[in-house]
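With our numbering as the guide, the letters of the sequence shown map in order to residues 1 to 139.
Just so you know, even glycine gets a beta-carbon here, dropped at the ideal spot from N, CA and C.
A short write-up of the structure that comes next.
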Amino acid sequence: FENEELDAIIQALGEAIEADEQRTGILVPERLRQMASAYRLMTEIGKEAVKDLKKTSPQKTGKYRRGWKVEWTKKRFGYEGKVYNSKRGQLTHLLEFGHPLVRNGRVVGNVKAQPHIAPVDDWINEELPRRFEQKLKQK
Numbered sequence: 001f002e003n004e005e006l007d008a009i010i011q012a013l014g015e016a017i018e019a020d021e022q023r024t025g026i027l028v029p030e031r032l033r034q035m036a037s038a039y040r041l042m043t044e045i046g047k048e049a050v051k052d053l054k055k056t057s058p059q060k061t062g063k064y065r066r067g068w069k070v071e072w073t074k075k076r077f078g079y080e081g082k083v084y085n086s087k088r089g090q091l092t093h094l095l096e097f098g099h100p101l102v103r104n105g106r107v108v109g110n111v112k113a114q115p116h117i118a119p120v121d122d123w124i125n126e127e128l129p130r131r132f133e134q135k136l137k138q139k
């Protein structure tokens with residue numbers, strides 16, 4: 001599924017749950033609502049991370065910058081998100097940490113590191129728990 005399709009499924013599921021609760025008077029367990037809310041929150045964070053990476057990535061031709069994607073994989077107890085570069089994934093480590101510059105088999109210098117993934121990773125690790133707590137306080 002694409003993120004838009006999953007969002008539509010979650011939205012439809014939420015509407016169906018609310019309609020069923022109103023019709024029958026039986027409440028669906030709060031845990032199911034929390035899981036749907038958590039998944040929605042994770043997709044938002046993933047989309048924001050991709051947007052940030054597209055803004056902060058080094059640009060030569062623009063192909064590397066445009067290649068950032070987020071992918072969700074169904075696991076046994078939920079989903080796992082992965083942010084990756086689909087166009088030039090082999091460059092991520094070289095650009096993030098720098099590398100020796102080799103010409104004709106000789107090292108002629110070093111390419112300076114351009115850290116652009118680590119700040120986004122740090123932001124995700126801070127933002128996700130903060131938003132989860134914020135969601136739980138709203139309920």
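The three-state secondary structure of Arg65, taken from DSSP, is helix.
DSSP places Arg130 inside the alpha helix (DSSP H), whose first and last residues are Ala118 to Gln138. Under DSSP, His99 forms a beta bridge with Val111. Cβ-Cβ distances below 6 Å link Gln114 to Pro58 and Leu95 in the same chain, with the five nearest sequence neighbours on each side left out; the list follows chain order. Annotation: Leu128 to Ile10 spans about 19 Å, alpha carbon to alpha carbon.
Secondary structure at Gly46: helix, using DSSP grouped into helix, strand and coil.
In this structure, Val83 and Val70 form a Cβ contact; the two beta carbons are roughly 5 Å apart against a cut-off of 8 Å.
Comparing alpha-carbon positions, the option among Arg106, Thr92, Gln134 and Leu136 lying closest to Ala118 turns out to be Thr92. DSSP places Arg106 in the strand class (E or B) of the three-state scheme.
The Cβ neighbour count for Ala19, taken over all protein chains shown within 10 Å, is under 16; the residue is labelled exposed.
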